[in-house]
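Inspection log for the structure reproduced underneath, given as C-alpha cells.
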Amino acid sequence: MLRGHHRRIVFTGMGASHIAALPSWRRLVAAGRAARWIDTESLLERRQLVTPDSLLVATSRSGSNKHVCALADEPGRTVRPAAVVAITDDRASRLALVANCEVLLRSGASGSPKGFLNALVVHDYVASMILNEDNDDVAGTARAVASTTLPAELHRVAAGVAAQEESRLAYVGCSEHSAAALYAALLTNEATEIVAQGHIAGQPRHNLVRRANAQLTAVFFGSHSRPDAALRGLATDLMAAGSNVVILGGADVAGATYVPCHAGRVGAEAARNVVVIEQFVAALTG
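Residue numbering for the sequence shown follows the UniProt record's numbering, starting at 1 and increasing by one per position.
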C-alpha cells in the first residue's frame with residue numbers, strides 16, 4: 001500500500017506527533033514527491049487537500065487527540081483519501097480502527113520519553129517504504145542512541161540558563177534537524193517555566209533578532225552534510241545583540257560555544273539530537 005502510486009502524501013498530527021513527521025516530509029519533497037505537512041486542526045479546515053488519490057499518514061500516540069478523532073470520523077465523508085496509515089501506540093484507538101493499516105509505536109505509557117524518538121524512527125521507515133528505498137540502519141541508530149550522553153558543555157549551558165533570571169531559550173534547526181528544534185521548544189515549554197521558541201533556519205527571523213538580548217540562549221542544530229549560511233548569519237546577529245549562542249554539530253561559528261557531534265547517517269544524527277534534547281531539558285529542571 002505504501003509503495004502504491006499516490007498523487008499526494010499528506011502527513012498530519014498534533015504537537016510532538018506532528019513534528020515527528022517533518023523529516024519524512026522534507027525527504028519526500030527532496031525526492032520530487034508531492035507531499036504536505038499540516039497539523040490536523042488546520043487540515044480539518046482545509047479538507048480539500050486530501051484528494052481521492054492521496055495517502056493520508058496520521059500520527060497520534062494516544063490515537064485520541066480531539067482533532068485526530070474528528071479526522072478519524074471524516075474518511076468516507078468529506079475526506080476521501082485512497083488510503084489511511086495510522087501511526088499510534090493504541091491499536092484500539094479510533095484512528096487505528098479507521099485506518100487501512102496501523103504502525104504501532106510501542107513506546108509504552110503516554111508520557112514515555114521514548115514516544116517521540118520511536119515516532120521519528122517509524123516515520124523514517126515509512127518514508128523509505130514510500131520511496132522504495134532501503135532502511136536497514138535501525139541497528140546503527142539504536143547504537144547511536146544508546147551511546148549518547150549530554151555533553152559537558154551543554155551541562156554548563158543548562159546550569160547557566162536555569163540560574164539566570166528571566167532567561168529565554170531559542171532552538172534553531174538546520175535542514176534535516178528542523179524537527180529537533182521544534183521538539184526541543186515544545187518539550188522545554190512543557191517541562192520547565194523557561195519560555196522557549198523553535199525556529200527553522202532560513203525562515204523569517206526578524207522577531208527573534210529584534211528581541212535578542214543577554215537573557216536569550218540560542219541552541220543551533222547544525223548540519224554536517226549541508227552547512228547553512230542562514231544559520232551562520234543568524235548566530236552572528238544574535239551574538240551581536242548579546243545573546244549566548246550554542247552550536248551543536250555542523251560548522252563552528254566564531255564566538256559561539258561549539259559542541260562537536262559525530263557525523264553519520266541523517267537518521268542516526270536526528271535520533272541522537274532527540275536524546276540530547278531530552279537530557280538537556282532534564283538538566284534545566286535539575
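Backbone N, C-alpha and C fix where the C-beta goes; we use that ideal spot for every residue, glycine too. This one's a predicted model, so the numbers in the text were calculated from it and none came from an experiment.
(request) Look up Glu102 in the DSSP assignment and give the residues it is bridged to. (result) Note: Glu102 sits in a beta bridge opposite Ala86.
(request) Report the residue from Val195, Ser54, Arg211 and Ser60 whose alpha carbon sits nearest the alpha carbon of Ser167. (result) Checking every option, the nearest Cα to that of Ser167 belongs to Val195.
(request) Quick one: measure Cβ to Cβ for Leu231 and Val172, integer angstroms, because I've assumed they're closer than 8 Å. (result) Yes, Leu231 and Val172 are in contact; Cβ-Cβ is about 7 Å, under 8 Å.
(message) Considering just the uninterrupted stretch of the beta strand (DSSP E) at Thr285, what are its terminal residues?
(response) Per DSSP, Thr285 belongs to no beta strand (DSSP E); it is in the alpha helix (DSSP H), Val266 to Thr285.
(message) On the CB-based measure, 16 or more other CB atoms within 10 Å of its CB, does Thr149 come out buried or exposed?
(response) Thr149 counts as exposed, since fewer than 16 other C-beta atoms from the protein chains shown sit within 10 angstroms of its C-beta.
(message) Short of 6 Å in beta carbon distance, which residues of its chain neighbour Val253, apart from the five on each side in sequence? Order them along the chain.
(response) Correct list, in chain order: Arg232, Ala235 and Ile247.
(message) Could you give the first and the last residue of the continuous beta strand (DSSP E) run that contains Leu248?
(response) Segment Asn244 to Leu248, the beta strand (DSSP E) holding Leu248.
(message) So, with DSSP's three-state summary, where would you put Thr59?
(response) If DSSP states are grouped into helix, strand and coil, Thr59 belongs with the strands.
(request) Identify which residue in Val85, Ala271 and Phe280 has its Cα closest to the Cα of Val121. (result) The candidate whose alpha carbon is nearest that of Val121 is Ala271.
(message) Going by beta-carbon coordinates alone, are Leu105 and Ala119 separated by less than 8 Å?
(response) Between Leu105 and Ala119, the C-beta spacing is below 8 Å.
(request) With a threshold of 16 other CB atoms inside 10 Å of the CB of Arg143, please say whether the residue is buried or exposed. (result) By the neighbour-count rule (16 or more Cβ atoms within 10 Å), Arg143 is not buried but exposed.
(message) If distances are taken between C-alpha atoms only, which option among Ala31, Leu182 and Ser223 comes closest to Phe116?
(response) Comparing Cα positions, the closest option is Leu182.
(message) Here's the rule: buried if 16 or more other CB atoms are within 10 angstroms of the residue's CB, otherwise exposed. What is Ser17?
(response) Residue environment for Ser17: buried (at least 16 other C-beta atoms within 10 angstroms of its C-beta).
(message) Quick check for students: name the residue ranges of the alpha helix (DSSP H) that lie wholly in the stretch 147 to 205, counting only runs of 4 or more.
(response) Runs of the alpha helix (DSSP H) inside the stretch 147 to 205: 152 to 163 and 178 to 191.
(request) Specify the secondary structure class of Arg26 as computed by DSSP and reduced to three states. (result) Note: Arg26 maps to helix in three-state DSSP.
(request) Go through its chain and collect everything with a Cβ distance to Ala158's Cβ below 7 Å, but skip five positions before and after it. (result) Closer than 7 Å at Cβ, skipping near neighbours: Phe280, Ala283 and Leu284.
(request) Could you check what DSSP says for Ser64 in three-state terms: helix, strand or coil? (result) Note: Ser64 maps to coil in three-state DSSP.
(message) Taking only three categories from DSSP, how would you classify Thr141?
(response) If DSSP states are grouped into helix, strand and coil, Thr141 belongs with the helices.
(request) May I ask you to report which of helix, strand or coil DSSP gives Ala218? (result) In the three-state scheme derived from DSSP, where H, G and I count as helix and E and B as strand, Ala218 is classed as strand.
(message) Assuming contact is defined by CB atoms lying nearer than 8 Å, are Val10 and Val57 in contact in what I supplied?
(response) Cβ atoms of Val10 and Val57: closer than 8 Å.
(request) Taking the CB atoms as reference points, tell me whether Val126 and Leu95 lie closer together than 8 Å. (result) Not in contact: Val126 and Leu95 (Cβ atoms no closer than 8 Å).
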